[in-house]
Amino acid sequence: MHRETIEKQLKAENIELIRAIYVGPDGISRGKAFRPGNLDEILESGLGLTQAQASVNVFDHLPQTSKFQPVGEVRIRPDLSTFQVLPYLSGHARMLSDIETIDGQPWELCPRSLLKSFLAKLAEKGMIIRAAFENEFTILKKVDQLWEPLDQLNCFSSAAMDLASSYILPMISALEKQGVMVEKYYPEAGHGQHEIPVRHQIGLQAADQQVVFKETVRGTASANDCRVSFMPKASPDSAGNGCHIHFSLWDPQCQRNLFYDADGDYCLSQTARHFMAGILDHLPALMAFTAPTTNSYKRFVERCWSSSYICWGPDNREATVRAASGFKGHEAATVNLEYKPSDPTCNPYLALSGLICAGLDGIEKAADPGEPVLTDPALLSKQEQQSRGITGYPADLASALDALAQDDVLQAGIGKSLITDYITMKRAEIEMLEALGTDAEKQAYQFRF
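Quick note on numbering: full-length UniProt numbering labels position 109 of the sequence shown as 109, and the sequence is numbered without any gaps.
See the structure below:
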């Protein structure tokens, strides 16, 4: 977006504050706001930030063992191309931001800069990625001073659509005013749970769109006297909130879907199979990024549409990776892969970086994903699972972090500094949750993301 266009919008919309938003490794959208008159200065010099801020967990606790302590400075650098007036909050605008060193270089703990580096690696191989994050969330209303789910109706219920209409329509309007194209909407199976799938985007824009989506859904809910939670599993008797990632690789001109082969099994190319195999091979470690909270692992229950076994299958919604069939007449453009063990508490830049890192390893090794699973893997006997090499997901976040610490490919690709600090931060989070006891997860995860 041109500087002159932004200046016109600032005046026309009477903007008083511009937010410079970044997403730290903890997955929380954070930032600082500044007055429009300071825009040129901020674009040139950025906003000051202690480097330790990227090492804090959801409780804003900085582990003593973190490499990055309160001595040292980085800069929040807004990306002018992401400027948006907030349609749900009068007088406010937003820009997404990178974290840079004082001399303007990408900082080693900046997830957005990390994703840029992986997109460059794809470009070197003549590929770009198109992706979309498919969010589920819980709408809550205040009842006797407590926040309760808006409804307890059925999946895809028309009656649930009626109840949520006054909240959902402003959400959709606000999203589309910011260029986020809504494709569908429907109530989901959980209490007060709803889903709004959006149009895929290319590369960095896909992760940026996920940040805008969550900011907008949360902000619009607040503006309409309700609240939204992205907590993965708020209640044991209700379905959890997932955030499936749909993705495909394309040629540099975005004319040819490299995952599509009309003659391949399930219309999948060898590139798609290799990329998928890389993801399956590195899955336990990947889940430290895509299912990054202790609460995330309570969602992975057999036969609950969340997936809980490491496998793939065509249109298999209980598999780790679903080979999504294309739409009639548009197969070449719509065949894609869906990654299931992800939820909305993930940092989208880290999640997409991890998928690319693992997928590229699969391509480089010409890895084979094995035979597809054509049933719910939970229905296979233990002997059948064992003979086919099908194993369950990590039992908890600590196990996923252990796998990440031992994954040489992700260590080398993502960087030991970021991974070491991430593991340190997350292990400190686990310790704090264990110490706090009852309702600690709700305190940590219900409304922070």
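In this text, a Cβ means the ideal position worked out from N, Cα and C, and glycines have one as well.
First through last residue of the beta strand (DSSP E) which encompasses residue i
i, result
"PRO314", "309-314"
"THR138", "128-143"
"LEU96", "92-100"
"THR320", "319-324"
"HIS274", "Premise fails: HIS274 lies in the alpha helix (DSSP H), 270-281, not in any beta strand (DSSP E)."
"THR334", "Where THR334 is concerned, there is no enclosing beta strand (DSSP E), although the alpha helix (DSSP H) it sits in stretches over 331-334."
"ILE76", "73-78"
"ILE15", "First-last for ILE15: undefined, no H or E at that position."
"LEU146", "146-149"
"GLU195", "193-195"
"TRP250", "243-250"
"LYS32", "29-34"
Residue range of the alpha helix (DSSP H) that includes residue i
i, result
"GLN411", "408-414"
"GLN443", "440-445"
"LEU86", "LEU86 -> no alpha helix (DSSP H), and no H or E assigned at all."
"SER113", "111-124"
"ILE363", "348-364"
"THR5", "3-12"
"LEU175", "158-177"
"GLY219", "204-223"
"ALA400", "397-405"
"GLU384", "382-387"
"ILE42", "39-45"
CA nearest to the CA of residue i, picked from the options
i, options, result
"GLY219", "ASP281, PRO344, GLU384, LEU86", "LEU86"
"HIS246", "TRP147, GLU4, ASN135, ILE310", "ASN135"
"ASP251", "MET127, ALA132, LEU49", "MET127"
"LEU249", "PRO236, ALA239, GLN270", "GLN270"
"GLY415", "LEU114, ILE168, PRO25", "LEU114"
"VAL373", "LYS382, ASN316, ARG427", "ASN316"
"THR334", "PRO25, VAL58, ALA131, LYS426", "ALA131"
"SER222", "ASP368, LYS141, LYS298", "LYS141"
"PHE137", "ASP79, ALA189, THR5", "ALA189"
"HIS194", "TYR297, ALA123, SER165, PHE327", "SER165"
"ALA174", "ILE139, GLN205, ILE129, ASN224", "ASN224"
"GLU434", "THR294, HIS61, LYS298", "THR294"
"THR5", "ILE42, THR82, ALA398", "THR82"
"SER29", "ILE99, GLY37, GLY46", "ILE99"
"VAL143", "PRO111, PHE118, CYS226, ALA160", "CYS226"
"GLY24", "LEU96, PRO36, GLY37", "LEU96"
"GLY37", "GLY362, ARG3, ASN57", "ARG3"
"PHE118", "SER417, SER238, GLY413, ARG448", "GLY413"
7 Å Cβ shell around residue i - same chain, five flanking residues per side excluded
i, result
"MET287", "PRO341, TYR393, PRO394, ALA400"
"GLU302", "SER308, ALA378"
"ALA366", "HIS274"
"PRO70", "THR50, ALA52"
"GLU148", "LEU140, LYS141"
"HIS61", "ALA428, MET432"
Distance, residue j Cα to residue i Cα
i, j, result
"ALA120", "ILE419", "20 Å"
"residue 458", "ILE196", "Because the chain is modelled from 1 through 449, residue 458 falls outside the range shown and cannot be assessed."
"SER387", "PHE230", "37 Å"
"ASP162", "PRO187", "10 Å"
"PHE68", "SER158", "51 Å"
"GLY242", "ASP343", "4 Å"
"residue 466", "TYR88", "With the chain represented from 1 up to 449, any question about residue 466 goes unanswered, as that position is not in the structure."
"SER55", "GLY48", "16 Å"
"ALA440", "GLU429", "11 Å"
"THR101", "GLU384", "52 Å"
"TYR422", "LEU258", "33 Å"
"ALA93", "GLN84", "6 Å"
"ASP103", "GLU44", "11 Å"
"LYS233", "LEU39", "40 Å"
"GLU338", "PHE59", "32 Å"
"LEU352", "LEU436", "32 Å"
"ILE21", "ASP376", "41 Å"
"ARG256", "ARG299", "36 Å"
"GLN64", "ALA405", "19 Å"
"GLN443", "SER235", "13 Å"
"GLU7", "ASP79", "15 Å"
Contacts around residue i, its chain only, beta-carbon distance under 8 Å, and the 5 residues preceding and following it disregarded
i, result
"GLU176", "VAL182"
"ASN14", "SER90, GLY91"
"CYS346", "GLY27, CYS243, PHE289, THR290, ALA291, PRO292"
"VAL180", "VAL198, ARG199, GLN209, VAL212, PHE213, THR216"
Beta-carbon contacts of residue i that lie in its chain and below 6 Å, excluding the five residues immediately before and after
i, result
"GLY354", "LEU286, PHE289"
"GLN446", "SER229, MET231"
"ALA33", "LEU17, ARG19"
"ASN57", "ASP26, MET425, ALA428, GLU429"
Chain C contact for residue i (CB, 8 Å cutoff)
i, result
"CYS267", "Protein chains in the displayed structure number just one, and chain C is not present."
- Message: If contact is defined by three or more beta carbon pairs under 8 Å, each pair taking one atom from either stretch, is the segment 201-208 in contact with the segment 143-162?
- Response: No, because fewer than three Cβ pairs between the segment 143-162 and the segment 201-208 fall closer than 8 Å, the two stretches do not touch.
- Three or more C-beta pairs below 8 Å linking the segment 95-113 and the segment 69-84: The segment 95-113 vs the segment 69-84: in contact.
- Message: Quick test of the definition: if touching needs 3 or more C-beta pairs under 8 Å, does the segment 260-280 touch the segment 357-364?
- Response: Result yes; three or more Cβ-Cβ pairs closer than 8 Å.
- Item | Inter-stretch contact (C-beta, 8 Å, three-pair minimum) for the segment 309-321 and the segment 254-264 | Judged by Cβ distances under 8 Å, the segment 309-321 makes no contact with the segment 254-264, as fewer than three pairs qualify.
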